[in-house]
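Asker: The structure under discussion is supplied below as structure tokens; questions concerning it will follow.
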Amino acid sequence: MGKINLKLIKSPFNKENPITVQVLGVCSALAVTAKLEPAFVMAISVTVVVAFSNLIISLIRNTIPPRIRIIVQLVIVSLLVILVDQVLKAFVYDVSKQLSVFVGLIITNCIVMGRLEAFALNNKPLDSFLDGIGNGLGYAWILIALGIVRELFGSGSLWGYKIIPQSFYDIGYQNNSLMIMPPMALILVGIIIWIQRARNKDLCEK
Amino acid sequence: MKILREILDKLKPNFEKGGRFPWLHSTFDAFETFAFVPKTTTKSGAHFRDAIDMKRTMTFVIIALLPALLFGTYNVGYQHFHSINPSLSFFDDIWGNLLFGLSKVLPIILVSYIVGLGIEFAFAQHRGHEVNEGFLVSGILIPLIMPADVPLWQLALATAFAVIIGKEVFGGTGMNFLNPALTARAFLFFAFPSSMSGDEVWIAEKADAFSGATPLADMMAGASLPNTSFMDMIIGIMPGSIGETSTIAILIGAIILIKTGIGSWKIMLSVLLGGALMGLTFNMFGSESNHYAQLPFYYHYVMGGFMFGTVFMATDPVTAAQTERGKWIYGILIGAMAVLIRVVNPAYPEGMMLAILLLNVFAPLIDYYVVDSNIRKRMKRWKLAEKLNTKGVDNV
Chain A
21 MGKINLKLIK SPFNKENPIT VQVLGVCSAL AVTAKLEPAF VMAISVTVVV
71 AFSNLIISLI RNTIPPRIRI IVQLVIVSLL VILVDQVLKA FVYDVSKQLS
121 VFVGLIITNC IVMGRLEAFA LNNKPLDSFL DGIGNGLGYA WILIALGIVR
171 ELFGSGSLWG YKIIPQSFYD IGYQNNSLMI MPPMALILVG IIIWIQRARN
221 KDLCEK
Chain B
227 MKILREILDK LKPNFEKGGR FPWLHSTFDA FETFAFVPKT TTKSGAHFRD
277 AIDMKRTMTF VIIALLPALL FGTYNVGYQH FHSINPSLSF FDDIWGNLLF
327 GLSKVLPIIL VSYIVGLGIE FAFAQHRGHE VNEGFLVSGI LIPLIMPADV
377 PLWQLALATA FAVIIGKEVF GGTGMNFLNP ALTARAFLFF AFPSSMSGDE
427 VWIAEKADAF SGATPLADMM AGASLPNTSF MDMIIGIMPG SIGETSTIAI
477 LIGAIILIKT GIGSWKIMLS VLLGGALMGL TFNMFGSESN HYAQLPFYYH
527 YVMGGFMFGT VFMATDPVTA AQTERGKWIY GILIGAMAVL IRVVNPAYPE
577 GMMLAILLLN VFAPLIDYYV VDSNIRKRMK RWKLAEKLNT KGVDNV
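Chains as they are written, first to last, in our numbering: chain A, 21 to 226; chain B, 227 to 622.
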């Protein structure tokens with residue numbers, strides 16, 4: 021066992037965030053975050069898939085012929101996604117129905133392929149696994165942040181429980197239906213990117 | 227005037243570097259240049275396009291908006307009392323109508339200005355810029371395209387959204403690609419549809435028994451002609467957003483804008499042309515049973531926000547197409563798109579807002595195409611001339 025490199029886990033949270041800096045996996049970030057619960061489940065699923073596909077590819081990286089590596093990667097990723105899908109269907113059937121096609125689409129999530137190509141093919145298994153966890157969690161916190169904001173202001177609840185009291189509605193408060201729509205998620209991602217780059221000047225493009 | 231100048235001169239050192247409030251410099255500068263034309267000139271290169279500066283330009287737009295604003299205020303009052311007592315005619319209670327209208331419209335204008343200018347000042351201060359003039363006009367445009375009963379907190383939220391996401395993110399006035407006032411309206415339209423659409427919102431504190439349907443809503447419901455007469459729609463005696471109802475008041479504004487050279491008559495004319503083209507197309511090819519498609523095209527001009535959008539929104543110099551040929555394409559597409567959305571899309575009774583926002587997005591592309599085609603045309607001419615030169619003049 022090698023030494024645990026904490027940097028691999030930490031850097032995707034901010035400086036190398038898959039969504040706000042590498043701009044990968046945005047589609048699912050807009051599609052599944054209208055409610056917190058599906059966003060959370062999606063975040064966990066992607067983290068598991070990225071971490072384990074990184075681990076497996078890294079273990080067999082020296083035996084894969086370079087010319088067919090994409091197909092090998094796809095087979096392994098699909099295998100993991102099918103496993104995740106079955107687990108979701110067995111234990112959280114409602115959420116699985118809400119996520120519908122987006123669980124299957126983890127196969128095409130650019131974060132997964134991106135990390136395999138950029139990291140797992142050239143690094144040791146433990147490092148690759150940590151890199152997968154780090155990138156998965158970097159993706160996760162954006163999804164969860166979006167889920168919290170969108171569900172709170174769009175539906176007045178969190179995780180399905182009413183948060184905004186009825187007395188607010190009685191004096192004229194209304195839920196913001198724009199929050200439920202994907203365009204607002206894009207704007208929220210934009211705001212996160214704006215704040216992040218305002219605080220961290222070296223992320224700005226010249 | 228002289229006293230004001232003296233007061234300003236006395237206060238000025240406080241806001242300069244080394245004074246007591248250097249961090250409020252932008253704020254002071256904004257008020258000073260609002261009151262007096264600044265004496266400073268550009269130091270490098272000449273960039274001026276006109277003899278009057280931006281603040282004076284914006285003032286003219288506000289003057290052009292006044293007829294629509296005044297009529298709108300009166301109409302808000304009239305529609306309210308009319309819904310309670312349908313036998314009331316337009317001039318029965320002039321002061322009552324006006325006072326009620328003011329009590330509805332003034333808070334909306336105040337909220338729009340306070341929120342919008344507050345954010346503009348904060349951003350300018352933070353970035354060390356001068357405060358931009360753009361919001362002087364947006365701040366009055368926003369109330370004019372709202373229903374009179376809009377909840378003020380929703381209006382504040384929409385104004386903040388329009389200024390921050392529509393404008394400041396892209397670098398402030400002049401950098402935005404969407405019309406800020408329409409961004410605010412679009413935000414409200416999608417975020418709080420119950421206060422922006424339907425028959426209930428267009429008359430302030432409407433009596434329950436009275437139908438508040440606008441002409442657009444009549445047509446959506448399948449009427450062959452709106453319930454309001456054509457004459458009333460031209461004058462503006464109908465429910466609707468505060469400033470959009472009176473075609474006459476808006477046309478007075480249009481004349482001021484065209485005379486002062488601020489609004490482009492090409493855009494206004496081409497929007498009307500586009501609306502007519504699409505209207506006539508529907509008349510010819512639309513199904514007989516669809517009354518909306520059979521509506522004469524000039525009805526589209528006087529219903530809803532078509533005129534207001536044509537004169538004050540589509541001509542926004544920042545977000546419209548800049549090239550002369552581009553303006554025609556841009557305007558015709560807006561008019562055609564607005565009528566198309568009205569007639570074909572059952573979810574949106576008013577197509578003008580969405581049509582203008584859509585073409586705002588496409589305006590740079592239209593300009594690019596126009597400039598590019600001009601370059602190619604001149605390239606061809608240049609190549610031809612070169613060919614003739616190498617062949618020698620004898621062969622020609």
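All C-beta atoms in this analysis are idealised placements derived from N, C-alpha and C, irrespective of residue type, glycine included.
1) Taking DSSP as the reference, what is the three-state secondary structure of K243/B?
2) Any idea which residues DSSP pairs K27/A with across the strands?
3) Rounded to the nearest angstrom, what separates S513/B and Q520/B at their Cα positions?
4) Using the beta-carbon of each residue, which ones in chain B are nearer than 8 angstroms to S197/A?
5) Run the CB neighbour count on G397/B, radius 10 Å, all protein chains shown included, and call it buried at 16 or more, exposed below.
6) Taking all protein chains shown into account, decide if M422/B is buried (16 or more other Cβ within 10 angstroms of its Cβ) or exposed.
7) Sort out for me which residues DSSP pairs S177/A with in a bridge.
8) Assess, as a yes-or-no matter, whether the segment 313 to 329 of chain B is touched by the segment 295 to 305 of chain B under the definition of 3 or more beta carbon pairs within less than 8 angstroms.
9) Report all residues from its chain with a CB closer than 7 angstroms to the CB of I560/B; omit the five preceding and five following residues, and keep chain order.
10) Give the interface partners of G192/A over in chain B, defined as CB-CB distance under 7 angstroms, in chain order.
11) Can you list, in chain order, the residues of the segment 197 to 215 of chain A whose Cβ is nearer than 9 angstroms to any Cβ on chain B?
12) Report all residues from its chain with a CB closer than 7 angstroms to the CB of V569/B; omit the five preceding and five following residues, and keep chain order.
13) Below 8 angstroms on the Cβ atoms is my contact criterion, and I expect I482/B with A290/B to pass it. Report the Cβ-Cβ distance as a whole number of Å.
14) For a minimum of 4 consecutive residues, which ranges assigned as the alpha helix (DSSP H) are wholly contained in the segment 448 to 472 of chain B?
15) Can you give the Cα-Cα distance for L208/A and L166/A, rounded to whole angstroms?
16) Could you give the DSSP three-state label for F122/A: helix, strand or coil?
17) Buried or exposed for V622/B, going by 16 or more other Cβ atoms inside 10 Å?
18) If we cut at 9 angstroms on Cβ distances, does I493/B have a partner in chain A?
19) Rounded to whole angstroms, what's the CA-CA distance from L223/A to V41/A? Just pull it up for me.
20) Taking the straight line between their C-alpha atoms, what separation do you get for R217/A and V43/A?
21) So, at 8 angstroms on beta carbons, what are the nonlocal neighbours of K553/B in its own chain, with the 5 sequence-adjacent residues on each side left out?
22) Considering only their Cβ atoms, is the gap separating G577/B from I567/B smaller than 9 angstroms?
23) Would you kindly check if the distance between the Cβ of I310/B and the Cβ of A433/B is under 9 angstroms?
24) Can you tell me whether DSSP reads H352/B as helix, strand or coil?
25) Confirm, please, whether the CB-CB distance from A140/A to L206/A is below 9 angstroms.
26) At a Cβ cut of 8 angstroms, what residues of the segment 570 to 593 of chain B count as close to chain A, listed as they run along the chain?
27) If you check the beta carbons only, do Q106/A and E57/A fall under 9 angstroms apart?
28) What is the DSSP secondary structure of M529/B, counted as helix, strand or coil?
29) I'd like the list of long-range same chain contacts for M21/A, defined as Cβ closer than 6 angstroms, with 5 residues on each side in sequence excluded.
30) Between A388/B and the rest of its own chain, which residues show a CB-CB distance below 6 angstroms, the 5 nearest in sequence each way excluded?
31) With DSSP run on the structure shown, which of helix, strand or coil describes I345/B?
32) With a threshold of 7 angstroms on Cβ separation, who are the neighbours of A384/B within its own chain once the five nearest residues in sequence on each side are excluded?
33) Based on Cα-Cα distance, which residue from M133/A, F72/A, L198/A, R89/A lies nearest to G176/A?
34) Which chain A residues sit within Cβ distance under 8 angstroms of F413/B?
35) When the distance is taken between beta carbons, is R282/B closer than 9 angstroms to V263/B?
36) Could you spell out the range, first to last residue, of the alpha helix (DSSP H) harbouring F33/A?
Answerer: According to the structure data:
1) Position 17 of the second sequence, counting from 1, holds the residue named residue 243/B. Three-state result, K243/B: coil.
2) As a first step, residue 27/A is located in the first sequence; it is residue number 7 there, counting from the start. Bridge partners of K27/A: none, in fact.
3) Within the second sequence, the letter at position 287 stands for residue 513/B. Within the second sequence, the letter at position 294 stands for residue 520/B. Between S513/B and Q520/B, the C-alpha separation is close to 8 angstroms.
4) Taking the first residue of the first sequence as 1, we reach residue 197/A at position 177. The answer, in chain order, is F416, A417, F418, P419.
5) Taking the second sequence and counting its residues from 1, one reaches residue 397/B at position 171. Counting Cβ neighbours within 10 Å, G397/B comes out exposed, since fewer than 16 surround it.
6) Residue mapping note: residue 422/B aligns to position 196 of the second sequence, counting from 1. Burial call: buried.
7) Start at 1 with the first residue of the first sequence, and residue 177/A comes out as number 157. Per DSSP, K182/A.
8) yes
9) Here residue 560/B is taken as the residue at index 334 of the second sequence, counted from 1. Taken in chain order, the residues that qualify are V497, G500, A540, A581, I582, L585.
10) Numbered from 1 along the first sequence, position 172 holds the residue referred to as residue 192/A. By Cβ distance, chain B contributes P377.
11) S197, L198, M199, M201, P203, M204, I207, G210, I211, W214
12) To locate residue 569/B, count along the second sequence from 1; it is residue 343. F508, Y518, A519.
13) Sequence index remark: in the second sequence, residue 482/B carries index 256 (1-based). Sequence index remark: in the second sequence, residue 290/B carries index 64 (1-based). Indeed, because the Cβ distance is near 4 angstroms, the residues count as touching under 8 angstroms.
14) Entirely contained in the segment 448 to 472 of chain B, the alpha helix (DSSP H) runs reaching 4 residues are, in chain order, 456 to 461.
15) Indexing the first sequence from 1 puts residue 208/A at position 188. Indexing the first sequence from 1 puts residue 166/A at position 146. Straight-line Cα distance between these residues: approximately 7 angstroms.
16) Here residue 122/A corresponds to residue number 102 of the first sequence, with the count starting at 1. Helix.
17) Against the second sequence, residue 622/B aligns to sequence position 396. A caution first: V622/B carries a pLDDT of 44, below 50, which makes its placement in the model unreliable, though a value can still be read off. The residue is exposed, with fewer than 16 neighbouring Cβ atoms inside 10 Å.
18) The residue labelled residue 493/B in the question sits at position 267 within the second sequence. Taking Cβ atoms only, chain A never reaches closer than 9 angstroms to I493/B, which makes this a no.
19) Stepping through the first sequence from its first residue, residue 223/A is reached at position 203. Stepping through the first sequence from its first residue, residue 41/A is reached at position 21. For L223/A and V41/A, the distance between alpha carbons rounds to 8 angstroms.
20) Position 197 of the first sequence, counting from 1, holds the residue named residue 217/A. Position 23 of the first sequence, counting from 1, holds the residue named residue 43/A. Cα to Cα, R217/A sits roughly 14 angstroms from V43/A.
21) As a working mapping, residue 553/B is identified with position 327 in the second sequence. So the qualifying residues of the chain are S490, K492, I493, S496, A546, A547.
22) Here residue 567/B corresponds to residue number 341 of the second sequence, with the count starting at 1. Here residue 577/B corresponds to residue number 351 of the second sequence, with the count starting at 1. Yes, the pair counts as a contact, with Cβ atoms nearer than the cut-off.
23) Reading the second sequence from its first residue, position 207 is the one you call residue 433/B. Reading the second sequence from its first residue, position 84 is the one you call residue 310/B. Cβ atoms of A433/B and I310/B: closer than 9 angstroms.
24) One-based indexing of the second sequence puts residue 352/B at position 126. Three-state DSSP puts H352/B in a helix.
25) If you number the first sequence from 1, residue 206/A lands on position 186. If you number the first sequence from 1, residue 140/A lands on position 120. Their beta carbons are not under 9 angstroms apart, which means L206/A does not touch A140/A by this criterion.
26) none
27) Against the first sequence, residue 106/A aligns to sequence position 86. Against the first sequence, residue 57/A aligns to sequence position 37. Their beta carbons are not under 9 angstroms apart, which means Q106/A does not touch E57/A by this criterion.
28) Numbered from 1 along the second sequence, position 303 holds the residue referred to as residue 529/B. In the structure shown, M529/B sits in coil (DSSP, three-state: anything other than H, G, I, E or B).
29) Taking the first sequence and counting its residues from 1, the one referred to as residue 21/A is at position 1. In this prediction, M21/A scores a pLDDT of 47, lower than 50, which makes its location untrustworthy; no coordinate-derived value is stated.
30) One-based indexing of the second sequence puts residue 388/B at position 162. Cβ neighbours of A388/B beyond the five flanking positions: P406, T409, A410.
31) The count along the second sequence starts at 1 and reaches residue 345/B at position 119. The answer is helix: DSSP assigns I345/B an H, G or I state.
32) If you number the second sequence from 1, residue 384/B lands on position 158. Closer than 7 angstroms at the Cβ level, and outside the excluded window around A384/B, lie A410, F413, L414.
33) By one-based count along the first sequence, residue 176/A stands at place 156. Among M133/A, F72/A, L198/A, R89/A, the Cα nearest to that of G176/A is on L198/A.
34) For this step, residue 413/B is matched to residue 187 along the second sequence. Residues of chain A passing the Cβ test: L198.
35) Taking the first residue of the second sequence as 1, we reach residue 263/B at position 37. Taking the first residue of the second sequence as 1, we reach residue 282/B at position 56. Cβ distance < 9 angstroms, so V263/B and R282/B count as in contact.
36) As a working mapping, residue 33/A is identified with position 13 in the first sequence. No alpha helix (DSSP H) contains F33/A, which DSSP labels as neither H nor E.
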